[in-house]
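All residue numbers for the sequence shown refer to my numbering, where the first residue is 27 and numbers rise by one.
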Amino acid sequence: MAKYVYDFTEGNRNLKDLLGGKGANLAEMTNLGLPVPPGFTITTEACRHYLAEGSVPDGLDQEVAGHLEALESQIGRSLGQADDPLLVSVRSGAKFSMPGMMETVLNIGLNDESVHGLAKQAGGNERFAWDSYRRLIQMFGKTVLGIDGDLFERALDALKGKRQDTDLDTGELQGLVETYKGIVREQTGKDFPADPREQMRLAVMAVFDSWNAPRAILYRRQERIPADLGTAVNIMAMVFGNYGDDSGTGVAFTRDPGSGRQGIYGDYLQNAQGEDVVAGIRNTIPLEDLERLDKDSYDELLGIMRTLENHYRDLCDIEFTIERGRLWMLQTRVGKRTAAAAFSIATQLVDQGLITMDEAVTRVTGDQLAQLMFPRFDGGAPKKKIAKGMNASPGAAVGKAVFSSERAVELSEQGEDVILVRRETNPDDLAGMIAAKGILTSRGGKTSHAAVVARGMGKTCVCGAEELEVRTAEQRFIAPGDVVVSEGDVISIDGTTGEVFLGEVAVVDSAVVEYFEGAEPDDELVRAVDRVMRHADGARRLGVRANADTPEDAARARRFGAEGIGLCRTEHMFLGERRQLVEDLVLAATDADRQAALDALEPLQKSDFTGIFQAMNGDPVTIRLIDPPLHEFLPDIVDLSIKAAKDEATEKDHKLLTAVKRLHEQNPMLGLRGVRLGLVIPGLFTMQVRAIAQAAKEVPGSKAEIMIPLVAAVQELEAVREEAVKILADVGVEALIGTMIEVPRAALTAGQIAEAAEFFSFGTNDMTQMAWGFSRDDVEAAFFSRYLDLGIFGVSPFETLDREGVGRLMEIAVAEGRAARPDLHLGICGEHGGDPDSVHFCHEVGLDYVSCSPFRIPVARLEAGRAALAETDSDTR
27 MAKYVYDFTE GNRNLKDLLG GKGANLAEMT NLGLPVPPGF TITTEACRHY LAEGSVPDGL
87 DQEVAGHLEA LESQIGRSLG QADDPLLVSV RSGAKFSMPG MMETVLNIGL NDESVHGLAK
147 QAGGNERFAW DSYRRLIQMF GKTVLGIDGD LFERALDALK GKRQDTDLDT GELQGLVETY
207 KGIVREQTGK DFPADPREQM RLAVMAVFDS WNAPRAILYR RQERIPADLG TAVNIMAMVF
267 GNYGDDSGTG VAFTRDPGSG RQGIYGDYLQ NAQGEDVVAG IRNTIPLEDL ERLDKDSYDE
327 LLGIMRTLEN HYRDLCDIEF TIERGRLWML QTRVGKRTAA AAFSIATQLV DQGLITMDEA
387 VTRVTGDQLA QLMFPRFDGG APKKKIAKGM NASPGAAVGK AVFSSERAVE LSEQGEDVIL
447 VRRETNPDDL AGMIAAKGIL TSRGGKTSHA AVVARGMGKT CVCGAEELEV RTAEQRFIAP
507 GDVVVSEGDV ISIDGTTGEV FLGEVAVVDS AVVEYFEGAE PDDELVRAVD RVMRHADGAR
567 RLGVRANADT PEDAARARRF GAEGIGLCRT EHMFLGERRQ LVEDLVLAAT DADRQAALDA
627 LEPLQKSDFT GIFQAMNGDP VTIRLIDPPL HEFLPDIVDL SIKAAKDEAT EKDHKLLTAV
687 KRLHEQNPML GLRGVRLGLV IPGLFTMQVR AIAQAAKEVP GSKAEIMIPL VAAVQELEAV
747 REEAVKILAD VGVEALIGTM IEVPRAALTA GQIAEAAEFF SFGTNDMTQM AWGFSRDDVE
807 AAFFSRYLDL GIFGVSPFET LDREGVGRLM EIAVAEGRAA RPDLHLGICG EHGGDPDSVH
867 FCHEVGLDYV SCSPFRIPVA RLEAGRAALA ETDSDTR
């Protein structure tokens, strides 16, 4: 019979798939002998069954009852016992951390009778008991019963006025409980459930349901977390941080999650429960201040932090509660961190002997490296500082101030850059946080919801800017000096320093970009990046090339570490002033006219290729012959038609209009382009091949690779190849001749095509369009968001390579191509070549290189190294 419930003593940190991250780590801490309140975990398997079938699996209720009975026996109190109650918390806990996205309910077991027993337990502290009771009704009402949380908040705000919630006395809290129960009755038509076991059962169902809450779905999509994992549920004996000033709750990090520096980092809040800290409703005190308040607990906490970091060999994020001077550990996990902290911590741990450099490379990601390459504020630019908060997540963000998540999404969809400004964020703000360039709050600390989520997403964030009076309803905030910032006013926030500026502040390249451009690594972060990149380069098997069309792009690509050009698009060379020559080619009435136009283009093409060969200094350059249809280089048909209708067209305009109409296609992506154009327009490809050959001869050591686009049949390639071989021989140079594999038929007949091709380069942008049967330019805005909502896409197939469809075509082409020609050279030149997950796939299927835009080359280098190390690690297991 399936086992759906595990006591904390039964699990360990390796059971995250089954127990979720929180449950697995609670079990691990229990095994380490750390002070963890007793409890048990309902598995993710139970959640998946519930979500699929609409009911809990058979036997679950009995298992939960048995574990609850054991917990009651261990504690010596029963759930809801009137005179001496056991209270429990019910918390979510998925395999991957999803901070604040799913539900938690504390203080389960309280009702009108047991609240008096809780007061008795607390030595007659009735205020504490009634505060815990109002918290239960408030959390339960919102998360389990689906009542608008603002109804409870407004009732609380009306009662306390300008006081803190800790200033409310017992009588006021008793009255608030009655008010809350009235809200429940009014909103649901039923009384608040007094049966403690019914409270617990409903809370468990609410946690299961929260897996598919809109904010959880949105977060999973943003973080690329699979939708079918489900969440575990952790049921734990309550410990209370809201007893009084000898109690409290906090969050600690074993290192600074913003910078990676070692030290004491975290927040503490006296007389509070855990939700108060992450919600940011009261400003916390720095963790080091706990030493003054409770030195014994502080010293014990530091010892536990050292134990956990050495055990997990990584930055740990810890939640704890102090109950009347006794320390309890409520959670630990490998902590979310900024990109800068990720690189710094990885190399620090190497220097401490806790991990190897191989492990250090696997601890960072290409996405994090890309974040480090974002611009930063120019230190010499004029600025008007209006406030300073906590530097919660680094970066430079500039945008229009907005005061609601909905408005952030709306303006972002209109192409505006926005900064989301809130008193504090909550999980319902996730859509706005994703849409915004940065987040600014007047409350909360480095462990508040805004800070944790922003760091996970790589968003710039400043929290706890207490000088700001945020008036959300009025859509404005007031800064010191009576500075008023209303919706639409531009502000700039510096997540590295915590500073807030009025207006737009100029940005400059990051120090990491300067390093890739050739600057010496001169600070801790850049030195860490340098160490990681050198090791990744030494480990990787995949080569990394650039998509570059100009000598300037080629030179920058080499500085960024490119080992060649994997895609030089020649169509870009037909734009600008050269459009005139293309028009002459299209309008040519005779063979002589056409040849004259080609003869005029050839020296210009040669000059282009000469500059690129010089910039690459002997590295291979893969040049794709012209790919788009010719009419894309001609004037717009609408503009010409209007001119003609107004009788303003010249004789040439009329000829162009006739040519444009003749060349116009309903679906040019599937029309006269690529190899088809080269076969239909005599001399076009010949001119390009000759220009390549002459440029290669002019630049000694050049390695030219000529790529024929859009081949679907080997006969097409053979026809072009035959003429190209003759030209190369006439000029007296050698060059590889290959093709792009972008048409599905080419992938399926790769064995035949490889007999005529010396290399394949996968054009995954076009292959994705043809495999899925849609045009990227037309469909992304039309229905991709809906497909993402429905789970048809986990991520856009243009962003990350579709392994099951396009990837399968690639696997076939690799296998059949290499079977026909064992020395076949294989690469990829779509923008997937710079996507981290796609780079791993390219390594797995045996490509020789990936090619991407210059700015993404460092990302591809890092991910190629990580892919090789991941393969080595799996081979040794």
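Even glycine gets a Cβ: it sits at the ideal position worked out from N, Cα and C.
Tell me which residue opens and which closes the beta strand (DSSP E) that residue i is part of.
| i | result |
| --- | --- |
| Q200 | Q200 -> not in any beta strand (DSSP E); alpha helix (DSSP H) instead, spanning 196-214. |
| N133 | 130-134 |
| C878 | 875-878 |
| I763 | 761-767 |
| I517 | 516-520 |
| G293 | Note on residue identity: the sequence assigns Asp, not Gly, to residue 293. Where D293 is concerned, the enclosing beta strand (DSSP E) stretches over 288-296. |
| S419 | 416-419 |
| A821 | Here residue 821 is Val; the residue named in the question, Ala, does not match the sequence. V821 -> no beta strand (DSSP E), and no H or E assigned at all. |
Looking at the structure shown, is residue i part of a helix, part of a strand, or coil, going by DSSP?
| i | result |
| --- | --- |
| E546 | coil |
| S787 | strand |
| L105 | strand |
| G46 | helix |
| R449 | coil |
| V570 | strand |
| K485 | coil |
| V31 | strand |
| I638 | helix |
| E628 | helix |
| R502 | strand |
| A427 | strand |
Determine the direct distance from the alpha carbon of residue j to that of residue i, and round the result to whole angstroms.
| i | j | result |
| --- | --- | --- |
| L611 | L705 | 15 Å |
| G490 | G415 | 5 Å |
| H775 | V876 | Checking the sequence, you will find Thr at residue 775 rather than His. Whole-angstrom Cα-Cα distance: 22 Å. |
| R268 | G106 | For the record, residue 268 in the displayed sequence is Asn; it is not Arg. For N268 and G106, the distance between alpha carbons rounds to 19 Å. |
| K485 | P453 | 15 Å |
| Y159 | T275 | 18 Å |
| G208 | L185 | 15 Å |
| P735 | N573 | 15 Å |
| R287 | R281 | 6 Å |
| W237 | R595 | 46 Å |
| D653 | A761 | 20 Å |
| N309 | M695 | 57 Å |
| I163 | S431 | 27 Å |
| A772 | D828 | 18 Å |
| V555 | F369 | 6 Å |
| G143 | E152 | 10 Å |
| E317 | V479 | 28 Å |
| G546 | I883 | The sequence shown places Glu at residue 546, not Gly. If I take the Cα positions, the gap works out to 19 Å. |
| A28 | N51 | 22 Å |
Just checking my contact of residue i with residue j at CB under 8 Å: how many whole Å lie between their CB atoms?
| i | j | result |
| --- | --- | --- |
| S285 | A396 | With 8 Å as the limit, S285 and A396 do not qualify as a contact, their Cβ atoms being about 19 Å apart. |
| A904 | V509 | Here the chain comprises residues numbered 27 to 903, so residue 904 is not present and cannot be evaluated. |
| Q444 | A462 | Note that residue 444 is Val in the sequence shown, not Gln. V444 to A462, Cβ: 5 Å. Contact. |
| G789 | I763 | So it is not a contact: roughly 16 Å between Cβ atoms. |
| M399 | V538 | 5 Å |
| V865 | E889 | 4 Å |
Considering just the uninterrupted stretch of the alpha helix (DSSP H) at residue i, what are its terminal residues?
| i | result |
| --- | --- |
| M331 | 321-338 |
| T347 | Where T347 is concerned, there is no enclosing alpha helix (DSSP H), although the beta strand (DSSP E) it sits in stretches over 342-349. |
| V233 | 222-236 |
| M904 | There is simply no residue 904 to check, as the chain begins at 27 and stops at 903 in what is shown. |
| R117 | Note, R117: premise wrong, no alpha helix (DSSP H); beta strand (DSSP E) at 114-120. |
| S811 | 811-816 |
| C73 | 70-79 |
| T280 | Not the alpha helix (DSSP H): T280 falls in the beta strand (DSSP E), residues 274-281. |
| V509 | That residue, V509, is in no alpha helix (DSSP H); its beta strand (DSSP E) goes 509-512. |
| G143 | 140-147 |
Touching by the beta-carbon criterion (3+ pairs, under 8 Å), the segment 839-857 and the segment 516-531 | Result no; under three Cβ-Cβ pairs closer than 8 Å.
Check whether the segment 537-554 touches the segment 420-428, taking contact to mean three or more Cβ pairs, one atom from each stretch, closer than 8 Å.
-> No, the segment 537-554 is not in contact with the segment 420-428.
Does the pairing of the segment 219-238 with the segment 131-149 give three or more beta-carbon distances under 8 Å?
-> Inter-segment contact for the segment 219-238 and the segment 131-149 is present: three or more beta-carbon pairs are separated by less than 8 Å.
Are the segment 632-647 and the segment 717-726 touching, with three or more C-beta to C-beta distances below 8 Å?
-> Per the Cβ contact rule, the segment 632-647 is in contact with the segment 717-726 (3 or more Cβ pairs under 8 Å).
The segment 810-820 touching the segment 245-263, judged by at least three CB pairs closer than 8 Å | The way I'd put it, the segment 810-820 does touch the segment 245-263; three or more beta-carbon pairs between them come closer than 8 Å.
Looking at C-beta atoms only, is the number of pairs between the segment 252-267 and the segment 63-80 that lie closer than 8 Å three or more?
-> The segment 252-267 is in contact with the segment 63-80.
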